[in-house]
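A quick write-up on the structure given underneath.
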Amino acid sequence: TGLGSIQIILLEIGAGIYLGLTMKYRLHYLPLILLGTTGSSILLICLTLLNILLLGKAFFNILILGFRAIYNLLFSVMNFTTSQVGLGSWWRSIYPAARHLADLTLTYWLAALIIVDWFTLLPVVIIVYYITTFLVRLLGYDVRPFPDGWINTFIQWIIRMLIKLALALGLGKFWLARTLIKEVRRQSIGLGRQKTSK
1288 TGLGSIQIIL
1298 LEIGAGIYLG
1308 LTMKYRLHYL
1318 PLILLGTTGS
1328 SILLICLTLL
1338 NILLLGKAFF
1348 NILILGFRAI
1358 YNLLFSVMNF
1368 TTSQVGLGSW
1378 WRSIYPAARH
1388 LADLTLTYWL
1398 AALIIVDWFT
1408 LLPVVIIVYY
1418 ITTFLVRLLG
1428 YDVRPFPDGW
1438 INTFIQWIIR
1448 MLIKLALALG
1458 LGKFWLARTL
1468 IKEVRRQSIG
1478 LGRQKTSK
């Protein structure tokens, strides 16, 4: 309940409509992922600016204090880690530049927030698209497989190795493992048929 959950629900609704339309028209996954990440990032920035307008200076101060706390934690971890690994002199030599960059991101917080949101949302969009594509293909709809090409070949190889390992460990006697193995094999066969029919 509250303003935060309404914003999250609106973000999920927008993402669902976007994914549904792009899957319907079988768009290639690279522009789909880049546009989805950029659109989600822009929407999160707009929601952040709306929160600043609605909640005032207190929300902005909390946002900047969060950035400062993250930087202080990161610098403390780097100080400890680099001295333990033997890179203490290297860290001391680049510390002023890193501190200057941190101060710049506090000054230009909006640009930093856009970049952080974009790089944070990129793996989220990829994972959501992969799961959605898998489930939609599981339901029997004709959508573009994700990923395809050599990435899919590599993933299929890993899956085959995991299936062999599961069968060697005796996990094939469990209902859930048998069902997952059967479904993965069915999906792989369907993907092969889809490639040969095009």
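Numbering (the numbering used here) for the sequence shown: 1288 to 1485.
Glycine residues also receive a C-beta, built at the ideal position from the N, C-alpha and C atoms.
{"query": "Segment limits, alpha helix (DSSP H) that includes K1451", "result": "1437-1455"}
{"query": "Assigned secondary structure, A1302 (DSSP; H/G/I helix, E/B strand, else coil)", "result": "helix"}
{"query": "Check whether F1354 and L1393 have beta carbons under 7 Å apart", "result": "yes"}
{"query": "Anticipated Cβ contact below 8 Å, L1408 with S1328, distance rounded", "result": "6 Å"}
{"query": "Sub-7 Å separation of I1389 and Y1358 beta-carbons", "result": "It should be pointed out that residue 1389 corresponds to Ala in this sequence rather than to Ile. The answer is yes: Cβ separation under 7 Å."}
{"query": "Simplified DSSP assignment, three categories, for L1393", "result": "helix"}
{"query": "Beta-carbon spacing of I1320, V1412 below 7 Å", "result": "yes"}
{"query": "Contiguous alpha helix (DSSP H) assignments of at least 4 residues, all confined to the stretch 1290-1360", "result": "1290-1311, 1316-1342"}
{"query": "Within 7 Å, strictly: CB atoms of A1464 and L1456", "result": "no"}
{"query": "Residue burial classification, G1343 (beta-carbon count within 10 angstroms, cutoff 16)", "result": "exposed"}
{"query": "Contact between the stretch 1411-1427 and the stretch 1375-1386 (3+ Cβ pairs under 8 Å)", "result": "no"}
{"query": "Beta-carbon contacts of R1313 that lie in its chain and below 6 Å, excluding the five residues immediately before and after", "result": "R1431"}
{"query": "Straight-line gap, V1364 to G1427 (C-alpha atoms, nearest Å)", "result": "49 Å"}
{"query": "Environment of G1307 [buried if 16+ CB atoms lie within 10 Å]", "result": "exposed"}
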